[in-house]
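In UniProt numbering, the protein residues as written are 1 to 296.
Contents: one structure, followed by commentary.
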């Protein structure tokens with residue numbers, strides 16, 4: 001079989017007919033180069049799904065002007081020289097907007113205390129419910145929780161609830177799809193003022209070191225912890241959040257789930273106090289405030 005280059009994207013999208021999909025699957029088992037292309041396509045899509053504009057801190061938009069000055073309409077013919085002047089002016093204006101967006105986005109750097117309070121309050125409200133529906137999950141997300149549903153991995157949310165892991169607030173989500181079941185625990189160690197404690201395996205409630213996890217040396221950003229005897233169990237930890245993922249079919253969606261969560265957290269979470277924020281994240285946050293002054 002020739003390299004099914006034209007079919008690889010459709011394969012990732014589950015858009016091939018059953019017979020063709022089986023043929024491509026058999027080819028991928030024997031062809032490292034095509035497997036690498038499929039993995040790269042999935043990686044790029046995970047990055048795109050993760051690139052969400054971070055929400056600005058509550059109340060930050062109050063200091064922005066409520067309305068821009070009214071434009072003075074006029075009709076005039078623009079000469080070639082005038083067009084150049086306008087273009088130069090737009091360039092300067094664009095630079096000013098970007099600079100202003102950077103400055104505004106930068107003002108949300110030190111929000112650790114407010115963030116902890118929001119996380120705790122949101123979880124406390126959610127913990128009064130046996131199960132969380134769409135509105136409950138949305139309320140948690142509004143208070144700073146991620147509640148990841150791993151969009152794009154052909155998984156559907158089965159259930160969600162607020163739980164405790166080692167005495168700290170957490171959210172448990174059950175996802176299913178294509179015969180696979182993944183449980184995701186989102187833990188927020190700092191929500192109750194905990195210090196820089198070791199990452200906890202939410203399944204057992206013990207530190208990853210106690211349970212025999214080893215760090216993945218290839219981790220970028222958040223640290224990935226793997227268990228040599230339990231390939232379906234992974235812990236992803238940063239200073240802001242810890243995820244525990246348990247999969248019934250670890251070779252199917254677990255690697256993509258870990259990658260998507262790592263990228264999502266890198267793009268969306270506000271760094272801990274004292275950490276430098278990425279300039280692009282600051283600009284995007286500021287631009288959102290300019291375009292949506294009332295955004296939460």
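The beta-carbon is built from N, C-alpha and C at its ideal position, and this holds for glycine as well.
When the options are compared against residue i, the one with the closest alpha-carbon
{"i": "residue 222", "options": "154, 127, 13, 199", "result": "199"}
{"i": "residue 256", "options": "10, 185, 152, 202", "result": "152"}
{"i": "residue 132", "options": "154, 158, 202, 119", "result": "158"}
{"i": "residue 260", "options": "215, 41, 3", "result": "41"}
{"i": "residue 254", "options": "237, 232, 241, 236", "result": "232"}
{"i": "residue 168", "options": "127, 138, 137, 135", "result": "127"}
{"i": "residue 2", "options": "27, 142, 150", "result": "27"}
{"i": "residue 202", "options": "218, 237, 217", "result": "237"}
{"i": "residue 150", "options": "224, 258, 136", "result": "258"}
6 angstroms CB neighbourhood of residue i in its chain, flanking five on each side removed
{"i": "residue 172", "result": "161, 163, 185"}
{"i": "residue 25", "result": "none"}
{"i": "residue 216", "result": "224, 226"}
Nonlocal neighbours in the same chain, by C-beta distance under 8 angstroms from residue i, ignoring five residues either side
{"i": "residue 145", "result": "119, 122, 123, 171, 186, 188"}
{"i": "residue 148", "result": "173, 184, 186, 243, 260, 261, 264"}
Start and end residues, beta strand (DSSP E) containing residue i
{"i": "residue 247", "result": "242–247"}
{"i": "residue 227", "result": "223–227"}
{"i": "residue 230", "result": "230–237"}
Cα-Cα separation between residue i and residue j, rounded to whole angstroms
{"i": "residue 7", "j": "residue 29", "result": "15 angstroms"}
{"i": "residue 274", "j": "residue 116", "result": "In this predicted model, residue 274 has a pLDDT of only 42, less than 50, meaning its place in the structure is not dependable enough to derive any value."}
{"i": "residue 248", "j": "residue 182", "result": "7 angstroms"}
{"i": "residue 196", "j": "residue 239", "result": "With a pLDDT of 49 at residue 196, under the threshold of 50, the predicted position of this residue should be treated as unreliable, and no value is reported."}
{"i": "residue 220", "j": "residue 241", "result": "15 angstroms"}
{"i": "residue 228", "j": "residue 31", "result": "27 angstroms"}
{"i": "residue 180", "j": "residue 14", "result": "16 angstroms"}
{"i": "residue 177", "j": "residue 10", "result": "19 angstroms"}
{"i": "residue 16", "j": "residue 245", "result": "29 angstroms"}
{"i": "residue 211", "j": "residue 252", "result": "24 angstroms"}
{"i": "residue 35", "j": "residue 23", "result": "14 angstroms"}
{"i": "residue 4", "j": "residue 44", "result": "19 angstroms"}
{"i": "residue 125", "j": "residue 138", "result": "12 angstroms"}
{"i": "residue 224", "j": "residue 250", "result": "15 angstroms"}
{"i": "residue 38", "j": "residue 154", "result": "16 angstroms"}
{"i": "residue 129", "j": "residue 136", "result": "9 angstroms"}
Residue interval of the alpha helix (DSSP H) (run including residue i)
{"i": "residue 135", "result": "134–142"}
{"i": "residue 299", "result": "What the structure shows of the chain is the stretch from 1 to 296, and residue 299 is not part of that stretch, so it cannot be assessed."}
{"i": "residue 181", "result": "No alpha helix (DSSP H) contains residue 181, which is instead part of the beta strand (DSSP E) from 180–187."}
{"i": "residue 320", "result": "Only positions 1 to 296 of the chain appear in the structure, and residue 320 is not among them; the question remains open."}
{"i": "residue 18", "result": "18–30"}
{"i": "residue 2", "result": "Where residue 2 is concerned, there is no enclosing alpha helix (DSSP H), given that its DSSP letter is neither H nor E."}
{"i": "residue 199", "result": "No alpha helix (DSSP H) contains residue 199, which DSSP labels as neither H nor E."}
Whole-number beta carbon distance between residue j and residue i, since they are thought to touch under 8 angstroms
{"i": "residue 208", "j": "residue 235", "result": "5 angstroms"}
{"i": "residue 156", "j": "residue 175", "result": "7 angstroms"}
Same chain only: Cβ atoms within 7 angstroms of residue i, ignoring 5 sequence neighbours per side
{"i": "residue 205", "result": "165, 166"}
{"i": "residue 21", "result": "11"}
{"i": "residue 143", "result": "118, 119, 121, 122"}
{"i": "residue 18", "result": "none"}
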